[in-house]
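Participant: Just passing along the structure, written as structure tokens.
Protein chains: 2
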Amino acid sequence: MTERQNKPLVAGVELGGTKCICILARGPDEIEDRVQLPTTRPEETLSAIEAVLDRWSGFSALGIASFGPVSIDPHAGDYGHITSTPKPGWANQDVAARLRRKAGVPTGFHTDVVGAALAEARWGAAKGLPDIAYATVGTGIGVGLIAGGKPVDGLTHSEFGHIRPVRVAGDDWVGSCPYHGACLEGLAAGPAIQARTGIPGPDLPADHPAWNLVAHALGQLLHALVLTGVPRRIVMGGGVMVGTDHLFPRVRAAMTKSLAGYVALPEVANADTFVVPPALGGNAGPLGAIVLGAQALGEQLQSSFMGA
Amino acid sequence: MTERQNKPLVAGVELGGTKCICILARGPDEIEDRVQLPTTRPEETLSAIEAVLDRWSGFSALGIASFGPVSIDPHAGDYGHITSTPKPGWANQDVAARLRRKAGVPTGFHTDVVGAALAEARWGAAKGLPDIAYATVGTGIGVGLIAGGKPVDGLTHSEFGHIRPVRVAGDDWVGSCPYHGACLEGLAAGPAIQARTGIPGPDLPADHPAWNLVAHALGQLLHALVLTGVPRRIVMGGGVMVGTDHLFPRVRAAMTKSLAGYVALPEVANADTFVVPPALGGNAGPLGAIVLGAQALGEQLQSSFMGA
Numbered sequence: 001m002t003e004r005q006n007k008p009l010v011a012g013v014e015l016g017g018t019k020c021i022c023i024l025a026r027g028p029d030e031i032e033d034r035v036q037l038p039t040t041r042p043e044e045t046l047s048a049i050e051a052v053l054d055r056w057s058g059f060s061a062l063g064i065a066s067f068g069p070v071s072i073d074p075h076a077g078d079y080g081h082i083t084s085t086p087k088p089g090w091a092n093q094d095v096a097a098r099l100r101r102k103a104g105v106p107t108g109f110h111t112d113v114v115g116a117a118l119a120e121a122r123w124g125a126a127k128g129l130p131d132i133a134y135a136t137v138g139t140g141i142g143v144g145l146i147a148g149g150k151p152v153d154g155l156t157h158s159e160f161g162h163i164r165p166v167r168v169a170g171d172d173w174v175g176s177c178p179y180h181g182a183c184l185e186g187l188a189a190g191p192a193i194q195a196r197t198g199i200p201g202p203d204l205p206a207d208h209p210a211w212n213l214v215a216h217a218l219g220q221l222l223h224a225l226v227l228t229g230v231p232r233r234i235v236m237g238g239g240v241m242v243g244t245d246h247l248f249p250r251v252r253a254a255m256t257k258s259l260a261g262y263v264a265l266p267e268v269a270n271a272d273t274f275v276v277p278p279a280l281g282g283n284a285g286p287l288g289a290i291v292l293g294a295q296a297l298g299e300q301l302q303s304s305f306m307g308a
Numbered sequence: 001m002t003e004r005q006n007k008p009l010v011a012g013v014e015l016g017g018t019k020c021i022c023i024l025a026r027g028p029d030e031i032e033d034r035v036q037l038p039t040t041r042p043e044e045t046l047s048a049i050e051a052v053l054d055r056w057s058g059f060s061a062l063g064i065a066s067f068g069p070v071s072i073d074p075h076a077g078d079y080g081h082i083t084s085t086p087k088p089g090w091a092n093q094d095v096a097a098r099l100r101r102k103a104g105v106p107t108g109f110h111t112d113v114v115g116a117a118l119a120e121a122r123w124g125a126a127k128g129l130p131d132i133a134y135a136t137v138g139t140g141i142g143v144g145l146i147a148g149g150k151p152v153d154g155l156t157h158s159e160f161g162h163i164r165p166v167r168v169a170g171d172d173w174v175g176s177c178p179y180h181g182a183c184l185e186g187l188a189a190g191p192a193i194q195a196r197t198g199i200p201g202p203d204l205p206a207d208h209p210a211w212n213l214v215a216h217a218l219g220q221l222l223h224a225l226v227l228t229g230v231p232r233r234i235v236m237g238g239g240v241m242v243g244t245d246h247l248f249p250r251v252r253a254a255m256t257k258s259l260a261g262y263v264a265l266p267e268v269a270n271a272d273t274f275v276v277p278p279a280l281g282g283n284a285g286p287l288g289a290i291v292l293g294a295q296a297l298g299e300q301l302q303s304s305f306m307g308a
């Protein structure tokens with residue numbers, strides 16, 4: 001393969017809950033155009049994205065990294081739809097098929113979290129590693145798991161932020177998740193921190209005792225991610241992690257204590273390089289869409305080649 | 001592809017802690033030979049396997065499903081080795097490279113649990129499903145996760161039996177895992193049941209209150225497996241599950257209660273068909289080795305075709 005084939009020009013759409021970023025790019029250093037749109041009603045937003053795609057030419061794939069939950073099961077009738085969301089008008093909204101028809105090119109579709117994971121694995125904090133996990137800890141807790149360069153999924157996408165961790169002895173706070181109470185998201189996401197302490201995470205002093213409970217819960221997330229067997233590195237981002245510098249050493253220590261030497265591999269033992277902040281910042285989402293598009297193109301090329 | 005190419009003749013080796021089963025087969029209904037050997041010292045056992053391979057001819061791949069932990073990371077220097085084990089002589093023992101040299105054919109290598117998962121997905125209780133989980137609950141708790149027909153792994157293989165679940169309120173038993181105390185294996189494997197109650201699992205009466213605690217822990221395993229996003233079905237086997245008929249309804253109920261409607265997909269909602277016993281019995285391991293061999297052959301054919 002030539003360098004050119006390895007780096008196709010791709011149209012990428014990060015569809016977020018409040019804004020939508022469209023980029024035309026081959027990678028982080030080759031962004032030919034970037035357009036930001038507000039996410040409003042579906043008809044308005046999708047028409048605006050279509051107008052951007054109409055204006056662009058020469059791209060050979062389209063990638064979409066969407067807020068969720070979404071249907072990523074190609075066997076399902078609602079593949080490529082946003083499924084359930086409180087956002088007005090967006091529940092059961094078809095996104096992928098509509099934009100693919102407009103673009104007329106192979107189209108990849110996944111969650112924004114998996115998009116960010118793919119981008120960090122390709123160009124960011126886990127550059128060159130085929131097997132990684134990306135966890136975003138913000139308004140919610142989302143996890144993207146990548147194995148062999150591809151998202152790990154099947155029936156649906158990961159919702160690992162909702163596993164129920166063992167509690168710190170003596171802590172019986174009910175948690176803030178409307179489904180599960182004290183699942184990981186209900187213990188350690190931004191709204192959980194605010195519900196427990198009355199103070200938003202970014203304003204909570206580093207010596208507040210609630211941070212130990214948050215770090216313990218996130219240590220359990222890391223423990224479980226390590227025991228999937230997949231990640232060679234775990235990237236942690238999101239509003240609770242980014243800028244809260246004291247939290248990284250605490251979650252690393254909580255993970256190491258919890259694993260108790262069980263996975264005796266140097267990658268994991270060296271917690272400072274195993275659990276790291278993201279490197280791509282706000283570009284992770286749209287660049288993830290570029291990876292999703294490039295993978296859809298690669299799959300189409302491979303299947304036509306194999307079928308020839 | 002012809003039917004013949006889809007079903008190559010494969011030599012399969014299930015290397016267990018006490019016995020080793022070698023089969024020459026295309027599938028469960030086409031087993032041409034089956035040889036059982038005791039697992040003793042490595043030199044004796046591996047030489048006996050080599051003698052079996054020498055006697056067989058016409059197979060185009062070799063698959064090995066081994067007791068673990070094993071190194072399945074092709075980037076690692078110890079790939080294909082059993083890594084750490086209390087079994088005398090077997091720690092750091094090369095298995096895959098030695099048998100591959102003898103067989104001279106493409107060779108697949110993984111854990112016995114992943115082997116059983118692949119076999120159940122191909123021919124057993126999850127027949128035809130590309131994305132499944134297999135959990136064995138016996139002397140330990142092992143998990144095999146299969147996505148797109150292939151094992152989910154990366155740095156190492158899954159050790160999901162050692163995640164730490166939330167506890168039942170009021171239960172503060174320390175658990176029996178030498179690493180983690182009250183991880184899943186330390187709460188719900190056979191030795192944990194015996195340590196807590198003084199009675200081996202198979203003999204514990206169905207109305208013993210400890211079963212509720214075991215079912216809760218296993219419900220947390222299912223909760224976490226569902227939230228990986230992968231399985232379309234979960235097969236549960238092993239000495240604690242098989243024959244303990246009252247346990248399946250309990251673990252299904254514990255899973256459903258814990259998920260609390262969060263993954264609202266019909267596959268999961270119908271717990272009776274989502275969580276099922278295995279179908280292949282003692283043949284799951286050696287048949288898993290056949291799948292591993294066939295996959296190694298497929299990968300070699302694909303890479304030579306793509307490189308042509």
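So the sequences go chain by chain: X and G. Using full-length UniProt numbering, you'd call the opening residue of the first sequence number 1 and step up by one each time. Using full-length UniProt numbering, you'd call the opening residue of the second sequence number 1 and step up by one each time. Ideal placement from N, C-alpha and C gives every residue a C-beta, glycine not left out.
(1) In terms of residue numbering, what span does the alpha helix (DSSP H) encompassing G/Asp112 cover?
(2) Just the chain X side, please: which residues come within less than 8 Å of G/Tyr262 by C-beta, in chain order?
(3) What does G/Asp171 reach in chain X if we use C-beta pairs closer than 8 Å?
(4) Flag X/Thr111 as yes if its beta-carbon sits less than 7 Å from any beta-carbon of chain G, otherwise no.
(5) How should X/Ile199 be labelled, buried or exposed, when 16 other C-beta atoms within 10 angstroms of its C-beta is the threshold for buried?
(6) If we call anything under 7 Å between Cβ atoms a contact, is X/His81 one with X/Ser71?
(7) Would you be able to state if there are at least three C-beta pairs under 8 Å between the stretch 136–148 of chain X and the stretch 294–308 of chain X?
(8) In angstroms with no decimal places, state the Cα-to-Cα distance between X/Val95 and G/Met236.
(9) G/Glu267 CB to nearest chain X CB: under 7 Å?
(10) How many angstroms separate the CA atom of G/Pro88 from the CA atom of G/Gly68?
(11) Check the Cβ-Cβ distances between G/Lys19 and every residue of chain X, and say whether any is below 7 Å.
(12) How would you call X/Gln93, buried or exposed, if buried means at least 16 neighbouring beta carbons within 10 angstroms?
(13) Within 10 Å of its beta-carbon, does G/Pro205 have 16 or more other beta-carbons around it, so buried, or fewer, so exposed?
(14) Mind checking if X/Leu227 is an interface residue toward chain G, Cβ cutoff 7 Å exclusive?
(15) Taking 7 Å as the cut-off, decide whether the C-beta atoms of G/Val291 and G/Ala125 are in contact.
(16) Considering only residues of the same chain and omitting the five flanking positions on each side of G/Gly288, which have a CB-CB separation below 6 Å?
(17) Taking C-beta to C-beta, are G/Gly154 and G/Gly142 nearer than 7 Å?
(18) Would a C-beta distance cut-off of 7 Å place G/Leu37 and G/Ala48 closer than the cut-off?
(19) Can you give the Cα-Cα distance for G/Leu15 and G/Pro151, rounded to whole angstroms?
(20) I need the straight-line Cα distance from X/Ala296 to X/Thr107, nearest angstrom please.
(21) Once you ignore the five residues that flank G/Gly58 on each side, which residues in its own chain have a CB closer than 8 Å to its CB?
(22) Using a Cβ-Cβ cutoff of less than 8 Å, which residues in the same chain neighbour X/Ala308 once the five nearest sequence positions on both sides are dropped?
(23) Can you pull the chain G neighbours of X/His223, defined as C-beta to C-beta under 8 Å?
(24) For the alpha helix (DSSP H) that contains X/Gly219, what are its first and last residues?
(25) Please compile the residues from chain G whose C-beta is within a distance smaller than 8 Å of the C-beta of X/Ser258.
(26) By Cβ distance below 8 Å, which residues in the same chain neighbour G/Pro130 in space, the five residues on each side in sequence not counted?
Facilitator: Based on what the coordinates show:
(1) 112–123
(2) Glu159, His162, Tyr179, His180
(3) Under the 8 Å cutoff, chain X gives no residues; its nearest Cβ is about 11 Å from G/Asp171.
(4) no
(5) exposed
(6) yes
(7) no
(8) 37 Å
(9) yes
(10) 14 Å
(11) no
(12) buried
(13) exposed
(14) yes
(15) no
(16) Ala65, Gly115, Ala116, Leu118, Ala119
(17) no
(18) yes
(19) 18 Å
(20) 6 Å
(21) Leu9
(22) In this prediction, X/Ala308 scores a pLDDT of 47, lower than 50, which makes its location untrustworthy; the coordinate-derived value is nonetheless stated afterwards. Within the same chain, X/Ala308 has no close Cβ partners at all.
(23) Ile163, Arg164
(24) 210–227
(25) Arg164, His180
(26) Ala121, Ile146, Ala147, Gly148, Gly149, Arg232
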